[in-house]
Structure formats: C-alpha cells, structure tokens
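2 protein chains.
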Amino acid sequence: MLTRAFETPAFRDGFAELLRWRRDVRRFRPDPVPPALVTRLLEMATLAPSVGLSQPWRFLLVESPDRRAAIRREFEASNAEAARIYAGEQASRYAALKLEGLREAPIHLAVCAARDPVAGHGLGRQTQPATLRDSVVCAIHTLWLAARVEGLGLGWISILRPAVAEAILDVPSGAELVAYLVLGWPEAAGEEPELAVAGWEQRQGLAAVLETR
Amino acid sequence: MLTRAFETPAFRDGFAELLRWRRDVRRFRPDPVPPALVTRLLEMATLAPSVGLSQPWRFLLVESPDRRAAIRREFEASNAEAARIYAGEQASRYAALKLEGLREAPIHLAVCAARDPVAGHGLGRQTQPATLRDSVVCAIHTLWLAARVEGLGLGWISILRPAVAEAILDVPSGAELVAYLVLGWPEAAGEEPELAVAGWEQRQGLAAVLETR
Chain U
161 MLTRAFETPA FRDGFAELLR WRRDVRRFRP DPVPPALVTR LLEMATLAPS VGLSQPWRFL
221 LVESPDRRAA IRREFEASNA EAARIYAGEQ ASRYAALKLE GLREAPIHLA VCAARDPVAG
281 HGLGRQTQPA TLRDSVVCAI HTLWLAARVE GLGLGWISIL RPAVAEAILD VPSGAELVAY
341 LVLGWPEAAG EEPELAVAGW EQRQGLAAVL ETR
Chain G
161 MLTRAFETPA FRDGFAELLR WRRDVRRFRP DPVPPALVTR LLEMATLAPS VGLSQPWRFL
221 LVESPDRRAA IRREFEASNA EAARIYAGEQ ASRYAALKLE GLREAPIHLA VCAARDPVAG
281 HGLGRQTQPA TLRDSVVCAI HTLWLAARVE GLGLGWISIL RPAVAEAILD VPSGAELVAY
341 LVLGWPEAAG EEPELAVAGW EQRQGLAAVL ETR
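Line by line, the protein sequences give chains U and G.
Position one of the first sequence corresponds to residue 161 (this note's numbering), numbered consecutively onward.
Position one of the second sequence corresponds to residue 161 (this note's numbering), numbered consecutively onward.
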C-alpha cells in the first residue's frame, strides 16, 4: 500500500510540534508577504471541511488604508469598553496586554460566512444552522496552521462589534463576519501562548475537560 | 537558527497532502481504537487556539450502548425530516447518501462548549460571544487532522436536534453540544469528498469566494 507523505513518523512528530508552536500572533515585523503565498494559503483553507460541502467561506482582503484605520478605531473603542469589567491588578494586567497587531501586520483578512449558500443544497444544516459558521472556522484554522508551516503568524482580532465591522468592510449581502485576521511575519516564536507568558491564564490538562457517558 | 520539524520542505508537502486527504468519514471498519491513542488525540486537540485562552472544550466519550442507540434513533428521525425538502432526482440522491456511521464507528465523542468558562476571565469574547463555540470548533478540527495523521477517520454528525442530543447525553450544566463525532479506521481513503464522488456537490475555486476591500 502506498504510504502518503503525511503517514511517516517524521511527519507525525512535525505535526505534533506544529500544534505546540502555533500561536495567536499580535507582534509582527513589517516585511511584506508575497501575494502568491497569500493566495496559496487561501487555496489550502478552502480544503477545510464544510457542512454538506457548502463551502460557505467568503474572504475579504482588506487593503484600503481608510478601512484599516476604521477597524483600528473600532478595536480601540471596543477594547476600552471591554476593559471596564476588570479591576485592580487584573485591570493593570489587561491594560498591558497587546490584543491586536493591526498597525504592523501587512495582511488584513476578514473572513465571512454565507448565511444560505446554494452549494450543498442545505444538506446537514437543517437541525444545526451554526454548522455554516463552524465550517468557516475550520477554514480559518486550516489557514492558521498552513501559515505557521510557512513561518507566518496569524492573529484573530475578536474585540470588534460585528455590525460595526461589517459596515466598515462592506461585507457582501447574505454574509456575516466571522473573524478579522491579521497575518505577517512574527517578531518571535514560542511554545507558550502569549496570554500564558503574560500571566493572564494557563493551559489546563485534559483530565479537567473529559468525561465518559 | 534552529529549524523546527515542521519547517522543512518535506513537512510542507506532507501538510498540503494531509489537507487534501482529510475526509468526513462515514464508513468504518469495526476494529477498535486503542484508548491511549484516543487520549493522545484529545491532548493534541487541547492545543487548539481559544479566545482569551478560555479552553471552553468539554469532551464526552459516549460508551453507553443505550445512549448510542438513542442518538441513532434521533439521527433517523431528524434525517427523515431533513429529507422532506428534496424532491425528484435530488430526493433519490439524498436517500442514497450515507450520512452517519453510528453503528460501525468504535468511538463516539460528543464535543461541547462551556457557556461561561472561568478560564480566560472573559477576555476577547465580550463583543463576540460566538468565539467560545469557534474555539471548540478549532479543537475539533485539530482532532480531525491529528486523527488523519494516524490513519483514523472522523465524521461530524450534524443531523441531530441539539436539545434532544443534549438530553440523551446528559451534557454538563453550563455547556452546550457543538458536535457529535464518530471516529475509527476508515474503509477507504480518497482525495475527493464523498459528497463530490456521489455527485451531490463539487468543490469551488478560490476566485468565487475572494474579494478585495
């Protein structure tokens, strides 16, 4: 039987290492990312699983400086609001975190989900419509890993009000924003999540989250 | 600079091939999966990104024959209902699809999301609470790829009413079902999605889903 390139012990070790070294990156070098590489990564993302093969992902490469600046302002407003739930030492720690990389990252990518795609003919999503968004998240996660394989870092900026961001980005009608991503060459690489290094939260073991039924 | 095991040309090729060969599997051989392997895969899944490092994934290994049988009955009821939107040739094609592998798959795994996890202290999800579910989907997709690296197939059974499945599974309070997964050794491997082979839907190119702003 033919052995695939991903069925070797070396690949297995590399894959486990990839998962440990994938990071949510907020600190980028300003160097550009070749457009052909971005296209290749997006093509890999479209190999993600999707409910009923509905392929509901819609990608918007955000190049306009005005739109990027408006997204930054929306982040700043939402983040100031988000900070209000913390007090004391936790508030100081929150204020010290770097939660975006919007100014430095060379690539801004908004990823949207079609609300009622023709593809797939509705298969598999009648009882669970959220699986459309789930499919888009699988594409984002595919992109995330594929980027890391190329040495690129990806950050998911979730501190934005979706309706405001959708207006800024002129999201296609019939689609909704799932994630605003920044992509570029990371300043540093590490095995620990930045939030763990910053003392905000630590990784939990499997035992705490696994039960039998 | 140290080169990581996932930063080699061979790994890059293997990773691209892994994405092409990952399938949503519904046809399993009945051979058991070693429990230590399942544990290792779940540990890899917990390396997935999560909003604010909230790690909201909760895993339920479903071993009870009664619960498995009840899930099968719920699938059959929901699938009979889902089939009603199709007519003519499409209805025949739908009826011929194999949309679950609940009887054959040795491992049944329900993956849930905590609605308000303590971990992460709410960071990053005030404006977009759906990112908790998104984090769990990233863990599922990690598991999916890790399983494929080991030669295992995973199937996501979405044709279930969440509230019914949650009652069958006695989902922990404070959590909600995201996905019911089946896992085992696949009968066959292929580069084409089963729904494409069956003529239900075809893959789309990137051009149709990419715009610039």
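Glycine is no exception: its CB is placed at the ideal position from the N, C-alpha and C atoms.
(1) Mind checking the segment 280-292 of chain U against chain G and listing, in chain order, the residues whose C-beta falls within less than 9 Å of any C-beta there?
(2) Could you check the C-alpha separation between Leu320(U) and Leu269(U) for me, to the nearest Å?
(3) Beta carbon of Arg308(U), beta carbon of Trp181(U): below 8 Å?
(4) With DSSP run on the structure shown, which of helix, strand or coil describes Trp345(U)?
(5) In angstroms with no decimal places, state the Cα-to-Cα distance between Ala170(G) and Leu292(U).
(6) State the DSSP-derived secondary structure class of Ile267(G), mapped to helix, strand or coil.
(7) How do the segment 242-258 of chain U and the segment 329-338 of chain G stand: do at least 3 beta-carbon pairs fall below 8 Å, yes or no?
(8) According to DSSP, Leu221(G) sits in a beta bridge with which residue or residues?
(9) Go through the segment 241-265 of chain U residue by residue and report every complete run of the alpha helix (DSSP H) that reaches 4 residues or more, in order.
(10) By the criterion of Cβ-Cβ separation under 8 Å, what are the contact partners of Ile245(U) in chain G?
(11) Can you give me the start and stop residues for the alpha helix (DSSP H) that Gly174(U) sits inside?
(12) Measuring CA to CA, which of Gln364(G), Arg186(G), Arg233(G) is closest to Ala266(G)?
(13) By the criterion of Cβ-Cβ separation under 9 Å, what are the contact partners of Ser252(U) in chain G?
(14) Examine chain U for any beta-carbon lying closer than 8 Å to the beta-carbon of Asp131(G), and answer yes or no.
(15) Name the chain U residues that come within less than 9 Å of Gly174(G), Cβ to Cβ?
(16) When the distance is taken between beta carbons, is Glu347(G) closer than 8 Å to Phe188(G)?
(17) Starting from Ile300(G) and walking both ways along the alpha helix (DSSP H), at which residues does that stretch end?
(18) Kindly list, in the order they appear in chain U, the residues whose Cβ is closer than 9 Å to that of Val222(G).
(19) At a CB-CB cut-off below 9 Å, which residues of chain U make contact with Leu366(G)?
(20) May I have the straight-line CA-CA distance separating Ala176(U) from Ala306(G), to the nearest angstrom?
(21) Taking the alpha helix (DSSP H) that Ile328(G) belongs to, which residues open and close that run?
(22) Determine contact between the segment 227-236 of chain G and the segment 312-328 of chain G, defined as no fewer than three beta-carbon pairs at a distance below 8 Å.
(23) Let me know the secondary structure DSSP gives Ile319(G) once reduced to three states.
(24) Tell me Ala274(U)'s beta-bridge partners as DSSP assigns them.
(25) Please report the distance separating the alpha-carbon of Glu223(U) from that of Val342(U).
(26) For Leu314(U), which of helix, strand or coil comes out of DSSP?
(27) Could you give the residue range of the alpha helix (DSSP H) that holds Thr199(U)?
(28) Could you give the first and the last residue of the continuous alpha helix (DSSP H) run that contains Val211(U)?
(29) Are the beta-carbon atoms belonging to Cys272(U) and Leu312(U) less than 8 Å from one another?
(30) What does Pro195(G) touch in chain U if you count any residue whose Cβ is under 9 Å from its own?
A quick look at the data gives this:
(1) Gly280, His281, Gly282, Leu283, Gly284, Arg285, Gln286, Thr287, Gln288, Ala290, Thr291
(2) 14 Å
(3) yes
(4) strand
(5) 33 Å
(6) strand
(7) no
(8) Thr372(U), Leu269(G)
(9) 248-256
(10) Gly282, Gln286
(11) 169-181
(12) The sequence shown places Pro at residue 266(G), rather than the Ala named in the question. That would be Arg186(G), whose Cα lies nearest to the Cα of Pro266(G).
(13) Within chain G, no residue comes near Ser252(U); the closest Cβ sits about 13 Å away, beyond 9 Å.
(14) The requested residue 131(G) is not part of the displayed model; chain G covers only 161 to 373.
(15) Arg164, Ala165, Phe166, Glu167, Thr168, Ala170, Phe171, Gly174, Phe175
(16) yes
(17) 291-309
(18) Thr372, Arg373
(19) Thr199, Leu202, Glu203, Ala205, Thr206, Phe219
(20) 8 Å
(21) 322-329
(22) yes
(23) coil
(24) Ala335(U)
(25) 12 Å
(26) strand
(27) 195-205
(28) Where Val211(U) is concerned, there is no enclosing alpha helix (DSSP H), given that its DSSP letter is neither H nor E.
(29) no
(30) Simply none; closest approach about 11 Å.
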